[in-house]
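Under this note's numbering, the first residue of the sequence shown carries the number 462, and numbering increases by one thereafter.
For reference, the structure is listed below as structure tokens.
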Amino acid sequence: ERVNRTIQISDSGISPGAGVGNHRMKINEESLGVKVIAIGVPTVVHAATIANDTIDLVIDELSRQAKSGTEFYKMLSSMDRMEKNNLIREILNPSFGDLMVTPKEVDTVVESLSKVIANGINMAIQPNLDMEDINKFMN
């Protein structure tokens, strides 16, 4: 759900690695002196986020199956999801650091998404061309 599912566009530039705590020099109007339009697709996710989401799915399913009003149901319902997320990160960080995960087919996905983005830009700035014409100029 989190990676390779959205295309983000902004006119504030880009801060490479900022989403994963790997801050590098910003590419923006301040650093270049001109407006910067950035287009990006999230391709990585923290391993702790995957673990957290998986545990959330288990909790949701157990809650659905538990009888309402039982102690087990109350315990599941009262679980602080943010506290659980922080606990997972604390446990995983010493062993794995800020481990990032990407799908094994990331190269294929990036190639496909780059075509989607390129076609979108071409359609926006070349309204008189149809997809057949645009594809003639694409590799």
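Glycine is no exception: its CB is placed at the ideal position from the N, C-alpha and C atoms.
On a predicted model such as this, the values are computed, not experimentally measured, just so you know.
DSSP-derived helix/strand/coil call for MET540: coil
C-alpha gap between LEU537 and LYS545, whole angstroms: 12 angstroms
Alpha-carbon spacing of THR504 relative to ARG466, whole angstroms: 9 angstroms
Three-state secondary structure assigned by DSSP to SER471: strand
Cutoff 7 angstroms; reference ILE578; Cβ partners in own chain excluding five residues on either side: ILE468 and ILE500
Closest Cα partner of SER492 within the set ILE475, ASP521 and GLU593: ILE475
Spatial neighbours of ASN554 in its chain, beta-carbon cut-off 8 angstroms, leaving aside the 5 residues before and after: ALA509
Beta-carbon gap between LYS487 and ASP472 smaller than 9 angstroms: no
Rounded straight-line distance, which links the Cα of ASN580 to that of MET592: 8 angstroms
Three-way DSSP call (helix, strand, coil) for ALA499 in this model: strand
Top-ranked residue by Cα proximity to GLY558, from PRO564, ASP568 and ILE549: ILE549
GLN526: first and last residue of the uninterrupted alpha helix (DSSP H) it sits in: 508-526
Own chain partners of GLU490 with C-beta closer than 7 angstroms, once the 5 adjacent residues on each side are dropped: GLY474, LYS496 and VAL497
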